Each structure stands twice: as structure tokens, then as C-alpha cells.
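Everything on this sheet refers to the single structure shown next.
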Amino acid sequence: MIDRRDVLRAGVLGGIGGALGLQAPESAAASAQAAGAVDGRDWKRLADALSPGATLYRPHGPVYPSLALPYNHRYDGIQPAGIVACATAEDVSEAIRWARSVEMPAVPRSGLGHNYAGYSTTTGLLLNMARMKSIVSTPTPGRARPRTYGPMRVVHDAGTITVGAGVTNGDLHPLLEDDGMFVPTGRCPSVGVAGLVLGGGIGFSDKMFGLTCDRLVSTTVVLADGRTVKASEDAHPDLFWACRGGAGNNFGVHTSFTFQYEQFEGTVGFYQLRWSLDSVLPAVAAAQRIAQDTVGDRRFHLRLGIGTDGRTKAQIRANANVNAIGQFYGTVRELRAILEPLLEIGTSEERARNSASVRQVTPGEASVLLSATTPIERFATKSAILDSRTLLTDQQVSAAAERLLDWPGSGNEDGAGFAMFALGGEINQVPPNATAFVHRDDLFVFAAETSWADYDLPSVAKANLRWVQQFYDDIFPGKAPEQAYQNFPDPTLKNWREAYYGTNYPRLVDVKRKYDPTGFFDYQQAIGTR
């Protein structure tokens, strides 16, 4: 499965995760103890300090359960002592100062809490940013650079757009559909833009326009001491560098982001291909060759995957498939030429269906077709960054297909499998040390994933977590690739500093020491101060 919907997600409660080495955030026990020492007068002091548009929620209130619940229900057992629904940057500042005064951690949540490792949960103070939804655009005609790509006219650097920390991918997608304005974002509508950009931000236009973080012009950050700063190339450039790929909840709480946007007119090429698992070897091999051949072609975007879903072995086998999806900034004829090796694969029925999927659509239609919503249940992943030396061999793909058919099953329709998100183009034009996002000379972000339902038994959760580790180990026997994607955090990853950040990690530590010297923003895989 390749499509976010087709490509899985999973998770489990803290007790089950602990038994399998997937611990909840390390600070949970300490923050729970701190919360127990806070009395009613302290909570009233916090409530009184907030603006009229903000609200403090405590356990047992009617709204609290829905705000406390993370999108990744794997961590639904971690309950915050309080939730501040912030309306302004001043609310964030007051909440952080208050949390420090009572020695309680504060954790921001910009979207619904998708984090694979539960890092947007806490037993301390949760800062819910959902009310900060402002979107303000400013045209910059003096900087605009029009260019034509076949039937698509793009005005590069058409203007800037400033969004609040509560804005999600889904809030930005209508700008493309209705106004022809575009910022490269992810495909899952309920993911917060804040988490996306801070960890890099891959999507279906990243080769053309760069990662989400590459379009960032500035960001407003509330620091651990409650001060608010604006980071850009000209102000606090070291912090600005770190905020482009250094992941969230490391240096402060972001309250707004300003991006460069593009203006679109015309149509783009779209495709969505699917085969039975019988075609896994030729399909994966052809897709990897295409990714290599087009690594410098900014126009072509590819997501490749294998996956399945179901409860019984018969369902899992019947549903097992290979698929690919993407878009192209050019003509359908050019797109068909690129896809030709893939369009020749499969049964006559598959070839006909796949060929018919290749068509010209508006950017707004492409946004809808490429969008995918993951069910609110439980999910886990293990990622890797693949370059030309670590592309999957036939032996690795065969091992993956065999293990896929051995998936234990679940009630989550996302199922299990792997996805490969092609890199290159504009992403690889940026030097690895120019931003904190180090993965700049690579071909794919790889993600092995699994999912299960809320109502599945604990034994199903345990079986899925064991399976995804086995699946990953079968694909990468002996030694896994050296790097992994920080926006797909894996709490079992031992060498996460090198895997997520590579040679940029020491510089991130320097930024951490400067802006959060006491390590107030902390979690299991947080940037350290040493």
C-alpha cells in the first residue's frame, strides 16, 4: 500500500508497549508526580493569566476527553493533568511560565496528535494550539518568477502566507483548490503544519518546490523562559536553521509560520497504479529505476508501496497488493513515457486500469486525489532513508512480500506494509548542513508500518508490534540503513541522533544549549544539551 490510507498505521497502550520495549515518553512518570503536587490555587492562577479566547480544561470536564485523546490511540493512556487551549502567543508564554513555576512539563500539540512515538502527549500540561487558525497571505509581485511546465503555469515566489500553529494540511489544501495558492505540505489533512515543517515535511510536490521546511521564511517561537522571538535568516539565524528539520518540541513552542507560496494555473498529470502481489518484483524494480532516472527531474513525484489488510489469512492474501501514486508537472504524454515500464507490468486487466488512471487534472483535483485520511486508531512505523547504494534488491523485496503474507491481521483497514516516498529534485539541491534536515542526497524515505483497531485484543497489538520489527529486519537483515526520518519517530531506535540528524546533531545541541539550556522541552528522543 502506498496511499496513506492504503499504507497503514498502528499503536498500543503504554502497558502493552512497555512490555515490547515501546515505552511512553520518558517524562510521563515524572510529570505525573509533578502534577500531583499542584493544588487548586495554582490551577486558578493559570486560568486567570489566560486571554479571554483561551480555556483551561481539567480532567472530568465534558470537553477534556476529546482534547486529551491523541490521534494515535496507541498513547491514549497518557492523560494530561491540564490542557490549555491557547488563543494567542501570550497564552503560550503564560502557560510555559506557569508550568516552569510548578515544575511541570509542557507539551504542544498543533494537530490531532499523530506522532508515532507519542511525543505530543504528556501527563503534564498539554498546550492545544487548535484555536490558532489564522491564515494571512501577502503577494510579493516584485519577487514573482513565472514559468510554464507543459499545461501548468507556475508563478514561483508569488507571495508569503503566515499561518497560526493550529493550522493543518487540510486547512491549506482548499487554498490550492479555490485560489491556486500552494505551499508544499503533506497529504493527511488532519496533520498539523507545525509538526510537518519542523521535521522536514515530505509531500507530492517536494521535488518541485522543496520540503515544507525549505519554504519557511520565518517562525515565531515562545522559548522555555517565556520570551517570544521571531526566527529567520536575519534574526536568530541559528534557531531558524534548527527549526528546519530539527523536529518539534525541542527549542520552544511555535505560534506561527511564514512560508513562501506559489501561484498555479492549468493542469497536472496524475496516476494511481495497482497490481496483485504477484507483480511485486518487477513493479518495485521498475519504480526504483524510474526514481533513479528522474531523481533530478523536479516535475515527477512518486510514492510506491506494498500492503494488505484483513483479519484472516485468506483476506490478507487476497488483499495483498503493490501500488504507486503521484503527480507530474507536465503533459500526460511525457508522464506516460516515464511510467511506461510500470504500465507494461501485470495482467491485461491491471494494465488497462493502470493506463486509464494516467490523466490530466487540475491542481485542486490532484490535491483531493492525493489526500488520504488515516482512521483514528493505533499505528507504528520503522523508517529508513535509502540512497543509490541501499535500494531494495529482489531478495529484499521477496522477503518483504513473504513476511507481508504472514501479517497477523487486525481490525484496522489501514493494514500493514511498506511505503517508499521518492526524494530528489529541489530537495537534493540544498546542502545537508544548510538546514537541520540532513537527508539531502537520497532517493527514498522508506516506512515499514502496521496498524490495529481500538477494539482489537492486546494479543493482536503485541503480534502487530512484533511483526513490524520482523518485517523491517527481514528487509534489512544484518544492518539497517544509517539514516531514518525524524517525522516518523521510532521509540525503539537506538542510534536516533545519528539516524535522524547525522552530522548536524552537534550543531543542534549548540542551539539547544542557547535557547533551552535547562532542557525544559524534553522527551525520549529530544535534542540534548550535551
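Counting in numbering that gives the first Met the number 0, the final residue of the sequence shown is number 529, and the numbers go up one at a time with none missing. Heads up, the beta-carbon is just placed ideally off N, CA and C, and yes, glycines get one too. Predicted model, so just to flag it, every value in this text is computed and none were measured.
Residue 481 sits in coil when the DSSP states are folded into three classes, being neither helix nor strand. With contacts defined by Cβ atoms closer than 8 Å, residue 298 and residue 329 form a contacting pair. In the DSSP assignment, residue 495 falls within the alpha helix (DSSP H) that extends over 495-500.
Looking at the DSSP output, residue 381 shares a beta bridge with 447. Rounded to the nearest whole angstrom, the CA to CA distance from residue 314 to residue 142 is 55 Å.
DSSP places residue 391 outside both helix and strand once states are collapsed to three, so it counts as coil. Residue 109 and residue 227 do not touch by the CB rule: their CB atoms are close to 17 Å apart, not below 8 Å. With a minimum length of 3 residues, the unbroken runs of beta strand (DSSP E) contained wholly in the region 281-330 fall at 302-307, 320-327.
With a cut-off of 8 Å on Cβ pairs, the region 63-75 is in contact with the region 377-386, counting three or more such pairs. Judged by DSSP secondary structure, residue 63 falls outside any beta strand (DSSP E) and instead within the alpha helix (DSSP H) spanning 63-67. Within the region 190-239, complete beta strand (DSSP E) segments of at least 3 residues are found at 215-221, 227-231, given in chain order.
Cβ neighbours of residue 323 within its own chain (closer than 7 Å, five residues either side excluded): 1, 272, 286, 301, 302, 303, 341. A contact is defined here as three or more CB-CB pairs under 8 Å, and the region 440-459 meets this definition with respect to the region 405-421.
Its chain contains 175, 176 as the residues whose beta carbon lies nearer than 6 Å to that of residue 363, once the 5 sequence neighbours on both sides are disregarded; these appear in chain order. Taking the Cα of residue 495 as reference, the smallest distance to any Cα among 245, 163, 263, 282 is reached at 245. Secondary structure note for residue 260: its beta strand (DSSP E) is the uninterrupted segment 252-265. In the three-state scheme derived from DSSP, where H, G and I count as helix and E and B as strand, residue 466 is classed as helix. CA-CA distance, residue 461 to residue 394, rounds to 27 Å.
Per DSSP, the unbroken beta strand (DSSP E) holding residue 82 starts and ends at 81-84. With contacts defined by Cβ atoms closer than 8 Å, residue 188 and residue 158 do not form a contacting pair. With a cut-off of 8 Å on Cβ pairs, the region 516-525 is in contact with the region 249-263, counting three or more such pairs. Of all C-beta pairs linking the region 193-201 to the region 477-496, three or more are shorter than 8 Å, placing the two stretches in contact. Secondary structure note for residue 175: it is in no beta strand (DSSP E), and the uninterrupted alpha helix (DSSP H) holding it is 168-178.
With fewer than 16 neighbouring CB atoms inside 10 Å of its own CB, residue 64 falls in the exposed class.
In chain order, 315, 317, 318, 408, 414 place their CB closer than 8 Å to the CB of residue 309, counting only its own chain and leaving out the 5 sequence neighbours on each side. The shortest C-alpha to C-alpha distance from residue 350 to any of 338, 396, 360 is the one to 338. Residue 59 sits in coil when the DSSP states are folded into three classes, being neither helix nor strand.
Contact between residue 345 and residue 274 holds: their C-beta atoms lie close to 5 Å from each other, under 8 Å.
Secondary structure note for residue 127: it is in no alpha helix (DSSP H), and the uninterrupted beta strand (DSSP E) holding it is 124-127.
For residue 188, there is no enclosing beta strand (DSSP E), as DSSP gives it neither H nor E. Judged by beta-carbon spacing, residue 86 lies beyond the 8 Å limit of residue 46, meaning their Cβ atoms are not closer than that value.
Just measuring C-alpha positions, the residue of 361, 120, 306 sitting nearest residue 262 is 361. Look at residue 163 here: in three-state DSSP terms it is strand. If you ignore the 5 residues before and after residue 112, its C-beta comes within less than 7 Å of the C-beta of 69, 70, 71, 119, 120, all in its own chain and listed in chain order. Taking a 10 Å sphere around the C-beta of residue 456, we find fewer than 16 other C-beta atoms and assign the residue as exposed.
Bridge partners of residue 519 according to DSSP: none are assigned.
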